[in-house]
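These notes are about the structure you will find just below.
There are 2 protein chains.
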Amino acid sequence: MLSYIKRILIGMPLPTYRMSHERLGKVQALAVLSSDALSSVAYATEEILMVLILAGSAALNLSWPIALAIAALLVIVGMSYYQTVHAYPKGAGSYIVSRENLGTLPSLVAGGALLTDYILTVAVSISAGIAAITSAFPPLYPWRVELAVVAIAFITIMNLRGVRESARVFAVPTYFFIACILTLIGVGIARVLTGSIQPAEAATATAVQAAQPLTLFLLLRAFTSGCTALTGVEAISDGVPVFKPPEGENAGKTLLWMVTILVTMFLGITFLAHQLGIVPREGETVVSQIARTIFDRSIFYYLIQAATMLILVLAANTSYADFPRLSMWMARDRFLPRQLANVGDRLVYANGIILLGLFSSLLVILFHASTHALIPLYAVGVFTSFTLNQTGMVRYWLRRRTPGWQTSIIFNALGAVATFIVAVMMAVTKFIHGAWIVLALIPLLVMMFKAIHHHYEEVAEQLSLSLRWPTPVKKHTVVVPVAGLHRGVVKAVYYAKALGEDVHVVTVDVNPEETAKLLERWKHYLPDIPLEVLPSPYRSVVEPLMDYVNSFIDEDGHYVTIVMPEFVPARWWHFFLHNQTALVLKWALNYARRDTSQGRFRIITDVPFYLRH
Amino acid sequence: MLSYIKRILIGMPLPTYRMSHERLGKVQALAVLSSDALSSVAYATEEILMVLILAGSAALNLSWPIALAIAALLVIVGMSYYQTVHAYPKGAGSYIVSRENLGTLPSLVAGGALLTDYILTVAVSISAGIAAITSAFPPLYPWRVELAVVAIAFITIMNLRGVRESARVFAVPTYFFIACILTLIGVGIARVLTGSIQPAEAATATAVQAAQPLTLFLLLRAFTSGCTALTGVEAISDGVPVFKPPEGENAGKTLLWMVTILVTMFLGITFLAHQLGIVPREGETVVSQIARTIFDRSIFYYLIQAATMLILVLAANTSYADFPRLSMWMARDRFLPRQLANVGDRLVYANGIILLGLFSSLLVILFHASTHALIPLYAVGVFTSFTLNQTGMVRYWLRRRTPGWQTSIIFNALGAVATFIVAVMMAVTKFIHGAWIVLALIPLLVMMFKAIHHHYEEVAEQLSLSLRWPTPVKKHTVVVPVAGLHRGVVKAVYYAKALGEDVHVVTVDVNPEETAKLLERWKHYLPDIPLEVLPSPYRSVVEPLMDYVNSFIDEDGHYVTIVMPEFVPARWWHFFLHNQTALVLKWALNYARRDTSQGRFRIITDVPFYLRH
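For the protein sequence lines, the chains are W and X, in the order given. For the first sequence, the positions run 128 to 740 when the numbering used here is used. For the second sequence, the positions run 128 to 740 when the numbering used here is used.
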């Protein structure tokens, strides 16, 4: 049944030989790798305005200089990653760069920051995408959380089916979005310059009163909020191996293109928001307000909203490639459970995909699918991993000193310093708004990684054959505890006889009347097999049995097998209709194992008796 | 750890020989068996008034005739049970009387009705007891649900420890309650007759407007609501065996005493409520209002509230004897899971006690600890079981015709007809207020009892040795699936060799690289034991193994044991760090068993490897 549902949702399993690696040209790669970065223009401007508005409508004028500062930062980070892609043709994720250049601890910090951020990317992108839709169709607004969870479930299932990063699927929405936004900006600027535009509906509203004074702190908070525009720029650097050779060359060029497009779109949207006097408000996004002001509710307005939604879904989708891949790497390095490195039926890292879907749905539900509420958590992790990546590169150049390293190190150092400063600013300005959650979470994650690693190391040592060879079996006793006499019991006794010579059938005397009846029936049906009776003044089944079993374990290499006749019910609820003594006994055995080093020689075997109805 | 908490809460286990049966004199028995019945005066009058007030303050005058009708019904039911206790010295619970005189289906209806009612008795009594406390201490009112759940948890734990129905524990609060209420009534009537009483605070409030017309339907609903006064009168009849001999004689006299006291208290409270012009309202019970009017907030007022609380807790406690006892009987008759007939560590039917605690807590939470909301569900089941019990007795006299049967049958028939009419009236008048829940639940419970019975019958047939004798073991093959080579694997291979001659060690080729490495290490460490490789193009571990195992099962009596090396982690969270292939394989085996009748010959043995850290 479950298996059937799984087949319908996920599809039939794929054979291993179909695992392949597609290589992409620059135009395709731009589409595949830049959706995360480009999609952030859907919310970055709005986040700046939402902070500034706290100081009243007049403060909105400051959005333009802030946007210019962010654009400058974007260029610095872009140039820094431009150096990286040339140095790491096998892919320069922050986890790997940190591990190779900075050591284990920084790499775990980067890993924790990245995993957190991939989850947040899904939550933020889907929330923003749903906001684009509910801006266009306000009656859907109350259903935004449900819509977001459904969208995440859909993306999760598609990824479990194994959407390969097919360039065709990605190219259309990405270029469509770029075209839409650039057209919006072009038409908008033209109409602003020619003065042919009507004042925005929002601008005609009464000026918003200042709730807070316009402090430097507020300005910095507006700046760091806008820095979400930078999220996703690392994707090209992570994905260098998917480029056609020469990988570094092609990735570098694509990166420059992406940064150019991103800066243009971000500055364009911010400029228009400023010129049109857009005031951020609940229920409609800033991009929607701009598009509505310029195009009214024409078909073009709806196209922009649809394009925004689509690119945001693609952005979320990139995390579905990144999160499982990073957790697979960390699982191989034994910092995460090894199941995360298992390749599923459809040749994807299914466990990672499912975890990502669960965690991001949880975030969306907890934060009511509000992009604005999620943003303070978002970018701290991104900038932490930026900083570690670029610091790692500085270290790399110092070690390698390959030709031209002097230029590269300057750009990487500039990037490292800039992103470090911004990361600290973020931690401070957005601390109480949610950044503390991530700042607390990352050390906890690092501790978890270390605990997992420690466990695997311990296990490896305990399992090592070179350290100690297991004791061979010298003696084997079989104990069959029975509580009645029926076909299942007889089957278990026969089976026990097949396992060894030394077989003991015992019953625990919980109820003297019933024990007497049992002994009588036993003599009648199985006269050749003696039935021993264990006294139990406290009616416990487990303790007398355990004592009996332990009485056999007198020397090293003496194994005792406990053969339990067990019902396997035909329906799940039948489970509750039978005493689960076999289960209880297993638990007791596990629990008691530390009492005695002999514990390792007791083995329980259930002889299943399959009930038909 | 869990075991330790259990010991602290429940105490050490008790040996079987300490199970004893106390016999009670009449005075003690009255205390033990009547708390449920007597405690209903705490809410019965209030329930009448709460319905009448819907037709405005003036309608409250009708409470007196309604109370008289209820008192008459009480006498009829009392007289009917008086016949029963003489006929059934071994205890005349409705389930047993119905089963013996009416057949299986009526007994199951009675069983379902009684189990439901025992749960409701706990929920109603505890809610009313908490209401007595919050009436005296209004700041506690918002915490009533929490208080009720804590009270239920406390009673549950006390019963799990095994509070024997010790007469001493019960005598004090029951007689204290009787004394308090009779004093209240005596002083109240004296003051009313001498005209020395102040008008009640409630009576000075403006008259309540009629929300509904005063219809016959409303009157009947007020009557049926007041019939909750009858709940619990069956307790003496159920408990005949605890009386000193002659049991029937003593039980009969005690029953008459109980009915007399109950009628006096119920009529007295209703009379005072009427004379003092008490209007029912949220936050303070009617009894509390009466006591406050008569005694102000003196120490005596608080004593009455405390006595009410105590008797209601005792009333709830009687269900903790009745529910587990009835479920034990029904479990022995195979209508409920057999675990309900297990005697626990402390010589009580622990599973029944726990179920009662859980279900009644759930009810209290769902109905916000409101007695008024619970009442419509309550008495339908009681009157259904009354009717069945007394109808059963009519049948009994017709069959036996023991001396004096003519008188007895008249009283029982009168009781049966009267309670049947009231049961129908209840079902109709309180249907939409909640009675439908019970009316829907009882048939569902009956269906469940029958399904459980059917299952046990089926199992008994499948297990019968006289019908078919199991096939002896003719051939035994041992398969050891391994995924690596370490101490746990070597131990499992040694163990497998001890089980039989025909041992096959296999590995599933999920990852060709790792398989090659494994083969090499295997040759080095275990050169004498061949390792077979099973291909798995879809990377599934389970399916190739299942096919391999099934390939051995060629004839009847060929058993295949699958020996699985299994890690037993030292901490619970380590479970998530290892592939649980053994578990998955077990599930798959259970799931696939229906594919082939050979399923019954596959046995899985986990060879545990206990990890130390």
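Note that beta-carbon positions come from the ideal geometry of N, C-alpha and C, so glycine has one too. Note that the structure is predicted; figures quoted are calculated from it, not measured.
Per DSSP, the continuous alpha helix (DSSP H) segment holding R452 of chain X begins and ends at I426 to R459. Boundaries of the alpha helix (DSSP H) harbouring M177 of chain W: A171 to L179, taken from the DSSP string.
Cβ proximity to chain W below 9 Å picks out G611, L612, H613, R614, G615, V616, V617 and K618 from the segment 606 to 618 of chain X. Contact between N516 of chain W and S221 of chain W holds: CB atoms are separated by about 4 Å, below the 8 Å threshold. When DSSP reads this structure, D244 of chain W sits in no beta bridge, so it has no partner. The three-state secondary structure of R666 of chain W, taken from DSSP, is coil. Counting along the chain, Y686 of chain X sits inside the beta strand (DSSP E) bounded by residues H685 to V695. Distance check between L195 of chain W and each of W:R461, W:G353 and W:A543 places W:G353 closest, using alpha-carbon atoms only. At a C-beta separation below 8 Å, I579 of chain X has these neighbours in chain W: L704. Scanning chain X for C-beta atoms nearer than 7 Å to the C-beta of T732 of chain W yields I730 and T732, reported in chain order.
By the neighbour-count definition (other C-beta atoms within 10 Å, threshold 16), L403 of chain W is a buried residue. Interface annotation for the segment 469 to 502 of chain X against chain W: N469, V470, G471, D472 and L474, criterion Cβ-Cβ distance under 9 Å. Inclusion of G611 of chain X and F736 of chain X in the CB contact set at 8 Å is not warranted, their separation being larger than that value. Excluding the 5 residues flanking it on each side, K618 of chain X has same chain C-beta neighbours closer than 8 Å at P692, V734 and F736, in chain order. Boundaries of the beta strand (DSSP E) harbouring K602 of chain W: K602 to P608, taken from the DSSP string. Not a single C-beta of chain X is nearer than 8 Å to the C-beta of Q210 of chain W. In chain order, L704, H705 and N706 make up the part of chain W whose C-beta sits under 8 Å from the C-beta of R465 of chain X.
Each of X:L343, X:L483 and X:Y208 was checked against the Cα of L287 of chain X, and the nearest Cα belongs to X:L483. The beta carbons of P654 of chain W and L661 of chain W sit no closer together than 8 Å.
Residues are counted here when their Cβ sits less than 9 Å from a Cβ of chain X; for the segment 515 to 546 of chain W the count is zero. Partner residues in the beta bridge of Y737 of chain W, as assigned by DSSP, are W:V695. In chain X, no part has a C-beta under 9 Å from the C-beta of V711 of chain W; the shortest such distance is about 11 Å. In the displayed model, H613 of chain W falls within coil according to three-state DSSP, outside both helix and strand. Using a CB distance cut-off of 8 Å, V440 of chain W does not count as an interface residue toward chain X. Secondary structure at V637 of chain X: coil, using DSSP grouped into helix, strand and coil. In this structure, T301 of chain X lies near L441 of chain X, with their beta-carbon atoms less than 8 Å apart. Scanning its chain for C-beta atoms nearer than 6 Å, with the 5 sequence neighbours on each side dropped, one finds around V369 of chain X the residues L151, in chain order.
In the three-state reduction of the DSSP assignment, L658 of chain W falls in the strand class, which pools E and B.
Straight-line spacing of the CA atoms in V668 of chain X and V695 of chain X works out to 20 Å. Among the residues of chain X, those whose CB is under 7 Å from the CB of H701 of chain W are H582, following chain order. Sorting X:R408, X:V414 and X:K380 by C-alpha distance to the C-alpha of F304 of chain X places X:V414 at the top. Residue state for R288 of chain W is assigned as helix, using DSSP reduced to three classes. Contact annotation, V251 of chain X with Y505 of chain X: C-beta distance approximately 6 Å; criterion of less than 8 Å satisfied. Rounded to whole angstroms, V299 of chain X and F679 of chain W show a C-alpha spacing of 55 Å. The beta carbon of H580 of chain W sits closer than 6 Å to the beta carbons of R461 and F462 from its chain, once the five residues preceding and following it are set aside; these are given in chain order.
Distance check between T248 of chain X and each of X:L165, X:I135 and X:G289 places X:L165 closest, using alpha-carbon atoms only.
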